[in-house]
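Colleague: What follows is a single structure, and I will ask about it in a moment.
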Amino acid sequence: MLPLIDFDEMAAIMGLEKTDISDYPALEALQRSVYAALEEHTGRTFERGEYSESVYVDGHIVSLPALPVVSVKTVQSAAGVDLPFEIMPDGIRLRGWHRGYVSVTYTGGFDRAPENLRRAALLQTMHEFQRKDHIGAESVSTDGGFARWPQLKLLDEVKACVSRLVHPARFA
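Here this note's numbering runs 706 ahead of the position in the sequence shown, where the first position is 1.
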């Protein structure tokens, strides 16, 4: 998993007393959960790695989830024919029109998380950690009254932070 949150930074903001994330099992679980929610929201795979995808193509663009694409090993038609391509910012572009499945083996994703993604993960994780004892509750009674909040979801500020990272295929 690509590191999105610096524990020392979060501990300083939240006033956490212990010095290691392993002292906060709920926080570790929330980090993984927020990571998955951010990948789902953006339609991307964040961590840099080698991936193999089978993608249906109708045209020139092969949309891949791990962006940016760093290198490509193979691009083949379903019949096993190598297809000429070029690497683009949002995937790869076939040099000829193609309809059908294409198999791609490539390296993609971030080697270091962009600052807007780190900020989004920090905000969402802190928000969910503060509400961890009341997940799913819409209101909680306190001595001085009650607190009310909307259903648990990605914060609007978090969505704004990652808006530039939303996969281009999500807009199509």
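Ideal placement from N, C-alpha and C gives every residue a C-beta, glycine not left out.
(1) In angstroms, rounded to a whole number, what distance separates the CA positions of glutamine 737 and threonine 831?
(2) Name the DSSP bridge partner or partners of threonine 780?
(3) Mapping the DSSP letters down to three states, classify glutamate 723 as helix, strand or coil.
(4) Quick check: the Cα distance between methionine 716 and glycine 814, rounded to an integer number of angstroms?
(5) Arginine 818 to aspartate 764, Cα distance in whole Å?
(6) Using the beta-carbon count (16 or more within 10 Å), is arginine 870 buried or exposed?
(7) Are the stretch 726 to 734 and the stretch 765 to 785 in contact at 8 Å, needing three or more beta carbon pairs?
(8) Straight-line CA distance for phenylalanine 752 to tyrosine 741?
(9) According to DSSP, which residues form a beta bridge with methionine 794?
(10) If valine 808 sits next to leucine 789, beta carbons under 8 Å apart, how far is it from one beta carbon to the other, in whole angstroms?
(11) Just to confirm my understanding: we take glutamate 756, look at its own chain, exclude 5 residues before and 5 after, and list those with CB closer than 6 Å. What are they?
(12) From which residue to which residue does the beta strand (DSSP E) around aspartate 764 run?
(13) Which residue marks the beginning of the alpha helix (DSSP H) containing valine 864, and which one marks its end?
(14) Quick one, which of Thr811, Pro774, Val810 has its alpha-carbon nearest aspartate 796's?
(15) Can you tell me which of the three DSSP states valine 775 falls into?
Modeller: With the structure as the only source:
(1) 6 Å
(2) Thr811
(3) coil
(4) 28 Å
(5) 32 Å
(6) exposed
(7) no
(8) 9 Å
(9) Gly797
(10) 7 Å
(11) Thr813
(12) 755 to 768
(13) 862 to 868
(14) Pro774
(15) strand
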